[in-house]
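J.:
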Amino acid sequence: MNYEVKNIYGKTNGAKITVNVEGSKSITARAFLLAAIADGESVIYGASRSDDCNTFLGCLKSLGIKCSADGGTVKIEGCGGKLSKGRGEINVGSAGTAARFIPAFLAFQDGEYKVDCSAQMKSRPIAPLISTLKSLGAEFTFLEEENKFPFIIRGTASPSANIKVNVGESSQFLSALLISSVCLAKPVKITAEGEHGLSYVKMTSDMLWSFGADVEEDGATYKVSGRLSAKRYDVEPDVSAACYFYAMNKILGTYVSVKGLMPHSMQGDAKFIELLKNFDGGKIDMSEFSDQALTLAAIAPYFNNPTEICNVAHIRRQECDRISAIVNNLTAIGVRCEELPDGVKIYPSQPKGGRISTYGDHRVAMSFALTGLRADGIIIENAEVCSKTFKDYFSVLDEICEKITARV
40 MNYEVKNIYG KTNGAKITVN VEGSKSITAR AFLLAAIADG ESVIYGASRS DDCNTFLGCL
100 KSLGIKCSAD GGTVKIEGCG GKLSKGRGEI NVGSAGTAAR FIPAFLAFQD GEYKVDCSAQ
160 MKSRPIAPLI STLKSLGAEF TFLEEENKFP FIIRGTASPS ANIKVNVGES SQFLSALLIS
220 SVCLAKPVKI TAEGEHGLSY VKMTSDMLWS FGADVEEDGA TYKVSGRLSA KRYDVEPDVS
280 AACYFYAMNK ILGTYVSVKG LMPHSMQGDA KFIELLKNFD GGKIDMSEFS DQALTLAAIA
340 PYFNNPTEIC NVAHIRRQEC DRISAIVNNL TAIGVRCEEL PDGVKIYPSQ PKGGRISTYG
400 DHRVAMSFAL TGLRADGIII ENAEVCSKTF KDYFSVLDEI CEKITARV
């Protein structure tokens, strides 16, 4: 579907609106795997119902993990670190977290598993993680291209307890290993190489501790020990989803807040909400909250000073080349910008009408809807791609806009 954004700039009524967003996708996925590895039955409350998290849960079921979901409440019977099924097939679809976390988990299992994915996922980075999994003892048979999905992975009964991984392309490689190394049932040392923001690794460490493991950090080296125990776990609201509404406030002067948002969230994107308080352009390193690079780019034309987003070269290898998507779409609506190797520079402008190409990327669709709230005639093509992480985004946006423009 195409979505035509309504320009509501200067038409708002000052109403204070509180909205609900689903649980954090990042926290939900981690909680699912932690619960699957733990001893006993865990209950996850407020879980994300996004396509990505449904895919993750489906993969666990295919591997023989007992799971049931009732809305945002998910029950998972853990396997104690060892799968009962020595063979299986899963499809991680376009779910990036599942695509990194589950192969790492399978590397620590004594069995053989086929892992398939969507066409989009085949082009996303996975080779550094595969290299690490090979070094700890796993074997791979690649069904199409070397070091890419799809493949068959043969786990090992005696994986190495001394692991190195390059995180230059994704910190999820490290998070995947931190969680799955608990399956070894003895202390494991993991050393991270390469440069990348590690705020989501901190989230992983905190959640491991919450489920009963011990994580010691010494610079770029992590020592993981202990077993995971089942628990009842509450998932925070998704800060990545919340960011769109706080960005909306920034460019419209509105008062939209998200219910249950923690003042000291473990989610890295909370840094974006803090940034918005005083930001009016300038150079900003977004490596620690790069999912919001698109969001900032979409509202940057409305700042008084040029905005330079840097140190996010890795977002070229996400659902699409996000830097190119920013430049192409801003240019199409008349905004002056410059593509940089690791980011983009955007100059103050009044966007004109035009069609936004989403490139199959949920964050392109959601971010550029914000641009249209202060410009006439912006249309988001294939807006349904938002279902990957936020199924109801555009209906929630419509509801908010209706409330904040209603005559009082």
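Heads up, the sequence shown is in my numbering, so the first residue is 40 and it goes up one at a time.
Note that CB positions come from ideal geometry on N, CA and C, so glycine has one too.
Straight-line CA distance for residue 150 to residue 190?
T.: Roughly 14 angstroms separates the two Cα atoms.
J.: Can you grab the Cα-Cα spacing for the pair residue 380 / residue 325, in whole Å?
T.: So the alpha carbons of these two residues sit roughly 14 angstroms apart.
J.: Could you tell me whether the stretch 318-333 touches the stretch 390-397, using the rule of 3 or more Cβ pairs below 8 angstroms?
T.: Flag = no, the stretch 318-333 and the stretch 390-397 do not touch.
J.: How would you call residue 168, buried or exposed, if buried means at least 16 neighbouring beta carbons within 10 angstroms?
T.: Residue 168 comes out buried.
J.: Could you work out which residue in 373, 206, 401, 227 is closest to residue 388 when comparing CA atoms only?
T.: Cα-wise, what sits closest to residue 388 is 373.
J.: For the beta strand (DSSP E) that contains residue 192, what are its first and last residues?
T.: Segment 190-193, the beta strand (DSSP E) holding residue 192.
J.: For residue 366, report the span of its beta strand (DSSP E) as first-last.
T.: Segment 361-371 is the alpha helix (DSSP H) holding residue 366; no beta strand (DSSP E) there.
J.: For residue 231, which residues in the same chain have their Cβ closer than 7 angstroms to its Cβ, ignoring the five residues on either side in sequence?
T.: Same-chain partners within the cutoff: 204, 206, 213, 259.
J.: Where DSSP assigns a beta bridge to residue 165, which residues make up the other side?
T.: Its beta-bridge partners do not exist; DSSP assigns none.
J.: With a threshold of 8 angstroms, are at least 3 pairs of Cβ atoms found where one atom belongs to the stretch 161-181 and the other to the stretch 136-146?
T.: Yes, they touch.
J.: Can you name, in chain order, every residue of its own chain whose Cβ lies under 6 angstroms from the Cβ of residue 161, other than the five neighbours on each side?
T.: Closer than 6 angstroms at Cβ, skipping near neighbours: 187, 188.
J.: Of the residues 242, 403, 347, 412, which one's Cα is nearest the Cα of residue 70?
T.: Nearest option by C-alpha distance: 242.
J.: With residue 228 as the anchor, note down where its beta strand (DSSP E) starts and where it stops.
T.: Looking at the DSSP string, the run of the beta strand (DSSP E) that includes residue 228 is 227-232.
J.: Among 276, 54, 128, which one has its Cα closest to the Cα of residue 84?
T.: Looking at the Cα atoms, 276 is the closest of the given residues.
J.: Below 8 angstroms between beta carbons: does that hold for residue 287 and residue 295?
T.: Contact: yes.
J.: Quick check: what's the CA-CA separation for residue 377 versus residue 439?
T.: If you take the alpha carbons of residue 377 and residue 439, they lie about 33 angstroms apart.
J.: Is it right to say residue 181 is buried, meaning 16 or more other beta carbons lie within 10 angstroms of its own, or is it exposed?
T.: Exposed, because fewer than 16 other Cβ atoms sit within 10 Å of the Cβ of residue 181.
J.: What residue range does the beta strand (DSSP E) around residue 112 cover?
T.: Where residue 112 is concerned, the enclosing beta strand (DSSP E) stretches over 112-116.
J.: Taking the alpha-carbon positions, what's the residue 330 to residue 307 distance?
T.: The straight-line gap from Cα to Cα measures roughly 9 angstroms.
J.: Which whole-angstrom value describes the C-beta separation of residue 298 and residue 57, a residue pair presumed to lie in contact below a C-beta threshold of 8 angstroms?
T.: About 5 angstroms separates the two Cβ atoms, so the contact holds.
J.: Beta-carbon within less than 6 angstroms of residue 136's beta-carbon, same chain only, minus the 5 sequence neighbours each way: which residues are those?
T.: Correct list, in chain order: 68.
J.: Going by the CB atoms, is the gap between residue 129 and residue 2 shorter than 8 angstroms?
T.: There is simply no residue 2 to check, as the chain begins at 40 and stops at 447 in what is shown.
J.: Would you report the Cα separation of residue 426 and residue 281, rounded to the nearest angstrom?
T.: C-alpha separation (whole angstroms): 15 angstroms.
J.: When burial is assigned at 16 or more other CB atoms within 10 Å of the CB, is residue 121 buried or exposed?
T.: Exposed, by the Cβ-count rule.
J.: Return the first residue and the last residue of the beta strand (DSSP E) that residue 346 is part of.
T.: Counting along the chain, the beta strand (DSSP E) containing residue 346 begins and ends at 346-349.
J.: On the CB-based measure, 16 or more other CB atoms within 10 Å of its CB, does residue 40 come out buried or exposed?
T.: Label assigned to residue 40: exposed.
J.: Starting from residue 107, follow its DSSP beta bridges and name the residues at the other end.
T.: BP columns for residue 107 point to 114.
J.: Kindly provide the ranges of any alpha helix (DSSP H) runs that are 4 or more residues long and lie completely inside the stretch 42-85, ordered along the chain.
T.: Those alpha helix (DSSP H) runs which fall completely within the stretch 42-85 and span 4+ residues are 64-76.
J.: Please report the straight-line C-alpha distance between residue 443 and residue 319, rounded to a whole angstrom.
T.: C-alpha separation (whole angstroms): 24 angstroms.
J.: My output table needs one value for residue 340: the three-state DSSP class, helix, strand or coil.
T.: Looking at residue 340 - three-state DSSP - the assignment turns out to be helix.
J.: Taking DSSP's pairing of strands, which residues face residue 260 in a bridge?
T.: Answer by DSSP bridge pairing, in chain order: 230, 257.
J.: Below 8 angstroms CB to CB, which residues in the same chain sit around residue 344 once its five sequence neighbours on both sides are set aside?
T.: The answer, listed in chain order, is 319, 320, 321, 387.
J.: Between residue 124 and the rest of its own chain, which residues show a CB-CB distance below 8 angstroms, the 5 nearest in sequence each way excluded?
T.: For residue 124, where only same-chain residues beyond five positions count, the Cβ hits under 8 angstroms are 102, 103, 150.
J.: Starting from residue 439, trace the alpha helix (DSSP H) in both directions and tell me its first and last residue.
T.: It spans 432-444 - the alpha helix (DSSP H) in which residue 439 sits, taken as one unbroken run.
J.: Looking only at its own chain, which residues have a Cβ that is under 7 angstroms from the Cβ of residue 44, when we skip the five neighbours before and after it?
T.: 408, 411, 412, 417, 419, listed in sequence order.
J.: Give me whichever residues DSSP pairs with residue 129 in a beta bridge.
T.: Bridge partners of residue 129: 154.
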